[in-house]
Amino acid sequence: MVDFALFDTRGYPTVDVRTGYAGWVDSYEQTVQDAMDVDVLARLAVPVWPDARTAVDLGCGTGRTGAWLRDRGVGAIDGVDLTPEMLHRARDRGAHRSLTEADLAATGLPAAAYDLAACSLVDEHLADLAPLYREAHRLVRPGGLLVLVGLHPAFIMSAGMPTHYDGPDGPVAITTHVHLVSDHLTAGLAANWQLAEMREQTVGDEWIALKPKWSRHRGQPVSAAYVWRKV
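The working numbering puts the last residue of the sequence shown at 245; the count rises by one with no breaks.
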């Protein structure tokens, strides 16, 4: 892990994850772009989404990823998140079979119960990736997949921008960490996952149409997706 403070160009007041997402919940759906995560998931070649009869959505938030997985034919989906306010929105959305308030490192869900674990836009909030990879490995059956997508470390470093939202008194940052690609590979391999696919998405016309100010980032990686198989 690299200290985000080395790259922070914003200096926003910073809050912990649970506080931040509770404060962001009302505007979250209008802020997060599909190009960050689900559009990247859609380009992956290895996952055959309807083959997943059961899935766990780690860091399910308002249920965006869960709804996307359900629409792709994934069966029963259990969601886990640290923030009660986010879980309330996910419950209203109705994409999940169950919703659990828990730390992603210790979900309390049964071992080897899922064909798929999905984790979207979460890793930058974790000080250590290893517990997430270990817990996902415990939850997934042999032959099952972990699909993780998040902001690319190169983008976080070059943009100098933490995950943030507009609070009543101005922008508020949520605790952000920079995990290099090698940090993911090290944590995944140490947890006995086998890397099956990786995709890095760059800033192109689609992103610049959404955020014209990002034209200076054209060609830079913005998202990274990892597909791991439990052997």
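Yeah, the Cβ is synthetic: ideal placement off N, Cα and C, and Gly gets one too.
Bounds of the alpha helix (DSSP H) holding M171 are 167-173.
Annotation for K244: H151, V154, R155, P156, G157, G158, L159, L160, N206, W207, Q208 place their beta carbon closer than 8 Å to its own, counting only its chain and skipping 5 residues before and after. The residues G89, D129, in chain order, have a CB closer than 6 Å to that of R67 in the same chain once the five nearest residues on each side in sequence are set aside. Counting only runs that start and end inside the stretch 176-210, the beta strand (DSSP E) elements of at least 3 residues fall at 178-181, 184-188. Shown here for V16: same chain residues with a beta carbon closer than 6 Å to its own, the five before and five after excluded, namely V192 in chain order. In the same chain as H231, and ignoring 5 residues on each side of it, the C-beta atoms closer than 6 Å to its own belong to V217, in chain order.
With at least 16 other beta carbons inside 10 angstroms of its own, Q215 counts as buried. Shown here, M50 sits in a helix according to DSSP, grouped into three states. When the alpha-carbon of I170 is set against those of S112, Y42, L135, G34, the nearest one is in L135.
The alpha carbon of G80 has as its nearest neighbour, out of Y179, A59, D51, the alpha carbon of D51.
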